[in-house]
Amino acid sequence: MVGRVICGDVLEPEGPVCMPDGNIYLVEMSKNRSCVSMVDAKGKRHEIGRPGGRPNGLTIDGDGNLWIAGGNNETLVSMAQNGDIIAEYTGPDGDPFLWPNDLAFGPNGLLYMTDSGILPDEFIDGQSIRKDYKTCPFNGRVFEIDPKTGKIIRVIDKDLKFTNGIAFDSNDKLYVNETITGNVYCYDIFSEPSINKEVFGNVIDGTPESFVGPDGMAFGSDGYLYCAVFGQGNITVLGLNGEVVNRIKTNGQRPTNIAFLEHQECKAVITDLGRCEIEELQLKCSGQRLHKPLVRKIK
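Each residue of the sequence shown is one higher than the one before, starting from 0 at the first, in numbering that gives the first Met the number 0.
Put into structure tokens, the structure is as follows:
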């Protein structure tokens, strides 16, 4: 065992959001729950609400409202901390979301969301992944969304092979990973006249035969990118130039995400799908400050 288990009563957990009071919000993807939950500072789980569908990703805005990737019929959902649904968005007209996956607010107050590019029911059954995952068709996309209206402002990228984790660095560059290839891409979304994209790094170790690839990720205060690698059983750390500088072993082989604690320094939590737990890791740095814009007040 590498990390301290904070809670072992979460079913297929993803999308941890750490709060200043020590509480942790997350989604539980299992069909037995399909909910947003909160684990308090004592490690006790509380169900918050059910957005419908298979919730996959989670973030929070400056009003304290939660944003869920993966509501009913693959939607984007805004939810109050009491579980009330505030808004639900379906995606572009005639080209709806397929698999809303992960979320991050940008420095401009807009919401950025990855879409894995395939319907969940066509790709996964419980924890079993289809055998032709390397060659099946994907249209992975990255959306820029106005959270006040749900309007798609731009499609940052498309035709990616299972778009997954997303994060901003301290220089306002956007990072998105691609699970099938293991690549992490860097986008200068504020460049003119067009978006500048480059391969930043790759997190897969060797040539695994089973399903392995990057999932949720977060930047540390050291400027390094900490990426949960599903199927590889570690947090792979990419340095300032995209090189692998460390691989931190996790309790299980299927970590889905990482989030730095806000109430304690140099600690992060990992969600693990296979072990159905949240574990805590001691690290050498704290997390980079996240963007949490004001969107709307709960009436």
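Just so it is clear, CB atoms sit at the ideal spot from N, CA and C, and this is done for glycine as well.
- Closest in C-alpha terms to N100, from the list G63, G52, S127, comes G52.
- In the structure shown, F210 falls within a coil segment according to DSSP collapsed to helix, strand and coil.
- Collapsing the DSSP output to three states places D92 in coil.
- Distance between V228 and I67, taken at the CA atoms: about 21 Å.
- Residues T249, Q252 of the same chain have their beta carbon placed closer than 6 Å to that of G232, with the five preceding and five following residues left out of the count.
- Spanning the alpha carbons of G164 and L10 requires a straight line of approximately 20 Å.
- Annotation: the continuous beta strand (DSSP E) that includes E46 extends over 44 to 48.
- The Cβ atoms of T255 and R246 lie no closer than 7 Å to each other.
- With a contact defined as Cβ atoms closer than 8 Å, A267 and L224 miss out at about 13 Å.
- Under the criterion of beta carbons closer than 8 Å, G215 and T178 do not qualify as touching, at roughly 11 Å.
- For D62, the three-state secondary structure derived from DSSP is coil.
- Looking at G21, G90, W98, L65, the one whose alpha-carbon comes closest to that of I84 is L65.
- Between V141 and V175, the CB-CB gap stays under 7 Å.
- Within the same chain, Cβ atoms closer than 8 Å to the Cβ of S220 are found at C284, S285, G286, Q287, the five residues on either side in sequence being excluded.
- Per the Cβ contact rule, the segment 104 to 114 is in contact with the segment 139 to 158 (3 or more Cβ pairs under 8 Å).
- Residue range 119 to 122 is occupied by the alpha helix (DSSP H) that includes D120.
- Taking C-alpha positions only, V1 is separated from L159 by approximately 33 Å.
- Within the same chain, and ignoring the five residues on either side of D171 in sequence, the residues whose Cβ sits closer than 6 Å to its Cβ are P106.
- Sequence-distant Cβ neighbours of S169 in its own chain, meaning closer than 8 Å and more than five residues away, are F218, G222, Q287.
- Rounded to the nearest whole angstrom, the C-alpha separation of F137 and V76 is 23 Å.
- Leaving aside the five residues that flank Q281 on each side, the residues in its chain whose CB is nearer than 7 Å to its CB run, in chain order, C265, K266.
- Comparing alpha carbon positions, the residue from I123, N72, D62 closest to S29 is I123.
- Distance from the CA of G63 to the CA of P15, rounded to the nearest whole angstrom, comes to 15 Å.
- For N233, the enclosing beta strand (DSSP E) covers residues 233 to 237.
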